[in-house]
Each structure stands twice: as C-alpha cells, then as structure tokens.
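Below is one structure, written out as structure tokens, with a few remarks after it.
Listed below in structure tokens is the structure:
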C-alpha cells in the first residue's frame with residue numbers, strides 16, 4: 299500500500315477539520331447574541347453609561363447619560379469624557395483616568411460634582427473600567443445626590459448642638475485644625491528657599507483676602523449657670539443657652555475686623571462656648587470682641603416672661619497659627635479662662651506667657667514635691683531670735699529650703715502653699731519638726747554649759763487637721779530627747795482664729811505638754827484680741843509691717859509706735875512675750891526695746907544660716923541691739 303512521505307492518511311484528521319467550521323459558527327453566533335444583549339442592556343439601563351475609546355472620546359452614550367446631564371445622548375458623541383464628568387479638575391483623578399485608558403490600571407472610582415443643563419448641580423459617583431476584549435473603556439455614572447444630601451443632613455446633626463443649633467465640639471476642632479493647617483501652609487509658602495517674603499502679607503491684603511496667618515480664640519463659660527439649672531430647671535437652662543448662643547453669634551457677625559465667615563461660634567459642652575477667629579488682626583480685635591460679648595451677655599434675658607441676668611468669664615488667646623497646635627491653643631485658652639474666674643469672674647483675661655510660665659513651674663513643683671521629701675532634697679536653715687535687752691540668742695526659727703535639681707534653692711513661699719493644697723505638708727512638716735528638734739538637741743549636747751536655745755517651727759493648720767500633731771510632737775520629743783519647753787510651734791493668726799473642736803484640743807494638749815505656742819504674723823489677720831484669752835498662746839510675733847514703719851527715724855509716724863506699744867502692753871498683761879519680725883536697723887531695735895518688746899528677729903542680727911553658723915553664735919558675745 300503506497301503513501302505520502304508523511305505516512306498514511308487516516309480519516310480522523312479529515313473529520314476534525316470538518317467540525318471546526320461548525321464550532322466557529324456557533325461561537326460567533328453566541329458572541330453576536332451576547333453583543334445584542336449587551337447593547338440592549340446598555341440602551342435601556344437606568345445607570346448612565348458611555349463607551350469611551352483609547353483617546354478618551356465618547357463613542358456612544360445611553361439615554362440615561364443624556365438624561366443625567368439634560369441633553370440628547372447623540373450630542374455626547376465625539377466629546378471628551380473627561381470634560382463631561384470633570385475628570386481633569388485635579389491631577390490625581392486625571393492621572394488615574396489616563397492609567398485606565400492606557401490599560402495600565404484595571405479600574406478606578408471617584409465622586410464628582412456635575413452640572414445639569416438647567417443649571418442645577420448634582421453629585422455623581424463615576425466608575426471607569428475596561429471593556430472586555432477591547433481597547434475601549436466603560437464610563438458608569440450613578441447619581442448619588444440623594445445619598446449625599448442625606449449624608450450632609452446626618453453630618454449636620456452630628457456636628458451641631460441640638461440645644462443652641464451651634465457647631466459642636468467636634469466641628470469646632472475640625473475647623474480649628476483646618477485653620478492651623480492652612481496657616482502652616484501659608485507660612486511655608488511665604489518662606490521659600492530665598493527666605494521669608496516681606497511682601498506676602500501685603501499681597502494678601504491687596505487682593506482682599508485678609509490672610510494674616512494668625513488665630514484668635516475667645517473661650518468662655520457662664521458664671522453661676524449651675525444655679526439656674528438647679529433652681530429653675532434644665533428647660534429654662536436650655537432656653538438660656540439658646541439665647542446666649544444668639545447673642546454670641548450677633549457679636550461675631552458684627553465684628554468688622556475680618557472678612558465675612560471667618561468667625562465660628564461653637565458650644566463646646568455644658569455652659570462653655572468658643573468663638574474662633576481665623577486670620578485675626580491682633581489682640582486689639584480679640585479684646586474688642588471680648589468686651590462686646592460681656593456687654594451683650596450682661597443685658598437681661600427675657601425667657602417667656604422670666605427675666606434672667608448672667609455674666610461670663612472669658613479667656614482670650616491670640617497667636618500665629620504656624621508653630622502651634624489645637625491642643626496647645628486650647629490649653630492656653632483653658633488656663634486663661636481659669637485666670638478670669640480666679641480674678642473675680644465677669645471679665646475677660648488675655649493669655650500671659652510669663653504668668654503661664656509661673657503656673658507651669660508651680661505644676662512642676664507640685665508633681666515632684668512628695669518624692670522630693672523621700673529623696674532628701676529639703677534642708678533647714680535657722681534665723682536667730684535675739685533678746686532685745688542683752689543681745690543674747692534665745693532661740694532660732696527653722697526655715698525649710700528646697701534644693702530643687704532644676705530650679706535651685708527655693709524659699710518656703712515658693713512651695714509651702716502647694717504643699718498645703720495637695721496635703722504633702724503633713725509629711726514635709728513632720729520631717730521639718732523631727733530635723734529641727736534633733737538639731738536643737740545636738741546644739742544642747744555640744745554646748746552643755748550654755749543656756750539651751752529653743753527652736754521655733756512653723757505649723758500649717760492642715761497639719762492639725764490631717765495628722766495627729768500631738769502624737770507626732772510627743773514621739774519626736776521622746777525620740778530626740780529635746781525638752782518640750784525648748785520647742786515652739788508657730789501658727790498664723792488666721793489659722794488659730796476661731797479654732798474650736800480638734801484644733802483647739804490639739805493646741806491645748808501641746809501647751810499642757812510644755813510646748814510653747816506662738817501666733818505668727820500677728821496683726822495681719824482678723825486682729826480680734828478676744829481669742830487671746832482662751833487660746834493656749836505663749837508668744838505673739840508682730841508682723842513685719844509694724845516694724846517697717848519704724849525705719850524712717852526722721853519722719854517717724856507716732857501712730858505706729860502707739861499701736862505697737864499698745865499690743866506689747868496688752869500681751870504682757872496677758873502673760874505673753876512679744877517677738878518683732880523684720881528688724882533691719884539699729885534704730886528699729888532701739889525703739890522696739892524702748893517700747894518693751896522682748897525679742898527681735900531680722901537681718902540686723904542674721905539672715906537664715908546653716909546649723910554650724912548657729913553653733914558659732916551660741917556662747918559668743920551678744921549680738922548688737
């Protein structure tokens with residue numbers, strides 16, 4: 299059997315070749331049917347669609363696309379799709395669109411604001427995706443205006459206070475952050491590689507933008523608003539808040555310094571409000587606005603026949619927006635509002651960096667005071683109490699110093715008030731008492747032949763209330779071996795005035811123990827002499843203001859001497875001794891001695907010194923009197 303060089307011919311290949319045309323026809327028919335279905339769906343779809351070629355030109359658009367834009371679909375052919383749906387207005391969207399047209403990206407979606415032929419605006423969600431087996435893309439546009447409007451309504455409800463209809467805290471901080479970001483961008487733009495531009499501000503003004511890059515804030519709350527709620531109810535309170543919001547908005551709208559819309563009035567919560575001033579022109583603008591707010595709120599409110607009067611305290615902050623943060627700005631505003639309240643309420647106060655630095659120092663001291671006692675950062679110095687008759691040192695006052703690692707040596711007036719507020723005065727006072735008694739006993743041991751000197755220790759009224767002062771004193775005296783009569787406790791006049799109950803019992807117990815009780819700064823408090831007869835007091839320490847009146851020997855005021863002489867005479871009649879503070883000149887000492895004052899304390903004799911210096915004074919020649 300003969301054949302071709304390729305081998306015998308079999309029937310199978312012939313059958314295969316006969317089947318291929320049939321398969322191809324069926325495939326083409328199916329594709330044609332799919333294409334007809336696709337075109338039909340494209341035409342009748344309620345979703346606006348258009349086929350765009352690789353150059354971005356509309357090949358065909360359906361009826362829904364024409365209806366969306368208010369034009370005939372045929373009129374959209376041969377137009378640039380990017381112009382129809384605003385894809386070229388920002389670089390990022392334009393780049394993504396070109397990537398899909400070039401086949402380098404599968405699809406992208408964006409939201410655009412479109413214009414209808416009748417002039418109204420609509421929001422649309424635009425999707426661009428490749429057409430399968432083609433170099434063309436399909437543009438799909440969904441009208442989301444209703445969804446957008448619903449979202450806007452929900453956002454408005456979320457971002458506004460239901461009582462006052464003002465922007466709430468969330469919207470306030472959103473706007474504040476945006477304003478600070480804009481200020482930072484403006485500052486960066488005006489400071490290019492060549493350095494800061496001195497013409498930037500002028501150019502803004504010349505074009506009418508009013509851009510200053512500064513931020514102003516009036517942060518206020520109503521004085522005594524809680525009383526309105528408590529006495530008249532929350533319904534009246536809410537009506538008052540709404541009325542306050544109206545007046546604040548009127549004040550902000552009437553401010554003629556800056557362009558319209560640059561103020562935001564917000565309710566931050568409770569009775570707290572804020573007025574944000576973008577691109578403020580300086581502190582004068584903020585001061586004028588704060589004054590107008592105070593004047594507006596002080597006018598009585600008529601709430602359905604109920605007449606109410608309120609006032610407000612306002613913290614005012616004004617600074618460059620660049621370089622600050624929302625947190626820092628609000629901290630400054632909150633601090634300044636606190637100052638306004640502390641200064642008497644019904645006023646506005648401008649942020650003061652120096653005052654704030656003092657506050658920050660105070661906070662730093664407060665946070666480190668308790669650990670400082672444990673770390674041994676405190677030390678005692680002693681100032682002599684001198685007998686005005688013979689110049690002998692009769693005792694010393696213990697004065698505590700804080701050797702702060704950051705601020706250096708601090709006098710008591712820098713931290714004792716803080717210690718009293720946070721309660722650490724109890725632990726610190728116990729340490730001072732123990733250290734002073736131990737030192738007094740040591741002087742007595744080192745100079746056994748000399749008359750022992752007493753030590754005077756200041757005691758805060760909180761130590762009497764918050765600790766068992768009697769037990770502490772008894773324990774320390776027993777531990778150190780110091781005789782009770784060599785310890786003197788000093789309390790201020792205001793602290794002992796009106797003492798009853800536990801404080802009076804403690805003072806009496808200490809006096810019965812033999813401890814001497816002295817009233818410090820006598821004459822600065824209530825000056826009610828009646829309590830001297832019922833309190834176990836041993837010593838009066840005249841406030842330095844009395845003694846300073848003796849300094850001018852040539853023009854002495856006779857009244858000063860008469861008052862001091864009367865106080866000394868009264869004290870002696872009651873069996874008390876008198877110590878004069880702030881003795882600085884020999885003339886003062888001479889007059890005090892002539893009046894009959896017992897002891898003196900002041901720089902004439904010595905400043906507060908270390909314990910070894912006191913040891914040198916014991917047994918030496920009397921100090922000059």
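Residue numbers (our numbering): 299 to 923. Where a beta carbon is used, it is the ideal one built from N, C-alpha and C, also for glycine.
- Contact check between the segment 347-358 and the segment 406-419: fewer than three CB pairs, one atom from each, fall below 8 Å, which does not count as touching.
- Burial is judged here by how many other beta carbons sit within 10 angstroms of a residue's own beta carbon; residue 707 has fewer than 16 and is exposed.
- Under the DSSP assignment, residue 844 falls in the alpha helix (DSSP H) whose first and last residues are 842-846.
- Looking at the DSSP output, residue 410 sits in a beta bridge with 422.
- In this chain, the beta strand (DSSP E) harbouring residue 516 covers 512-521.
- Residue 878 and residue 752 have their alpha carbons spaced roughly 17 Å apart.
- One Cα belongs to residue 616, the other to residue 424, and the distance between them is close to 44 Å.
- Under the 10 Å beta carbon count, residue 779 is surrounded by fewer than 16 other beta carbons and is classified as exposed.
- Straight-line spacing of the CA atoms in residue 465 and residue 632 works out to 19 Å.
- By the criterion of at least three beta-carbon pairs nearer than 8 Å, the segment 537-544 is in contact with the segment 459-475.
- Counting only residues of its own chain and dropping the five nearest sequence neighbours on each side, residue 686 has a CB closer than 7 Å to the CB of 887, 890, 891, 895, 896, 897, 898 and 923.
- Here residue 579 is near residue 510, since their CB atoms are less than 8 Å apart.
- The beta carbons of residue 471 and residue 585 sit about 24 Å from each other, so the pair does not count as a contact at 8 Å.
- With at least 16 other beta carbons inside 10 angstroms of its own, residue 371 counts as buried.
- Between residue 684 and residue 691 the beta-carbon gap is near 6 Å, inside 8 Å, which marks them as a contact.
- Put simply, of 349, 645, 705 and 653 the residue whose alpha carbon is nearest the alpha carbon of residue 670 is 705.
- Membership of residue 578 in any alpha helix (DSSP H) is not indicated, and neither H nor E is assigned to it by DSSP.
- Residue 364 carries a helical assignment under DSSP once its states are collapsed to helix, strand and coil.
- Between residue 593 and residue 523, the CB-CB gap reaches or exceeds 8 Å.
- The continuous alpha helix (DSSP H) containing residue 542 extends over residues 532-551.
- Residue 610 and residue 667 have their alpha carbons spaced roughly 35 Å apart.
- If you look at residue 688, you'll find it isn't in any beta strand (DSSP E); DSSP assigns it neither H nor E.
- Between the segment 642-662 and the segment 725-739 there are fewer than three C-beta pairs closer than 8 Å, too few to call the two in contact.
- Residue burial is scored here from C-beta neighbours: residue 839 has at least 16 other C-beta atoms within 10 angstroms and is therefore classed as buried.
- Membership of residue 561 in any alpha helix (DSSP H) is not indicated; the residue belongs instead to the beta strand (DSSP E) covering 561-567.
- The Cβ-Cβ distance between residue 912 and residue 680 falls below 8 Å.
- Take the alpha-carbon of residue 769 and the one of residue 763: they are about 13 Å apart.
- Note that the C-beta distance between residue 469 and residue 564 is below 8 Å.
- When 366, 567, 447 and 918 are compared, the shortest CA-CA separation from residue 747 is found for 918.
- Of the residues assessed, residue 688 falls on the exposed side of the cut-off, its CB having fewer than 16 other CB atoms within 10 angstroms.
- Annotated three-state conformation of residue 906 is coil, per DSSP.
- Taking 3 residues as the minimum length, the beta strand (DSSP E) runs contained wholly in the segment 687-764 are 691-702, 706-708 and 752-756, in order along the chain.
- Closest in C-alpha terms to residue 714, from the list 375, 735, 676 and 629, comes 676.
- Beta-bridge annotation (DSSP): residue 615 is paired with 515.
- Under the DSSP definition of a beta bridge, residue 599 partners with 606.
- Distance from the Cα of residue 835 is smallest, within the candidate group 813, 848 and 856, for 813.
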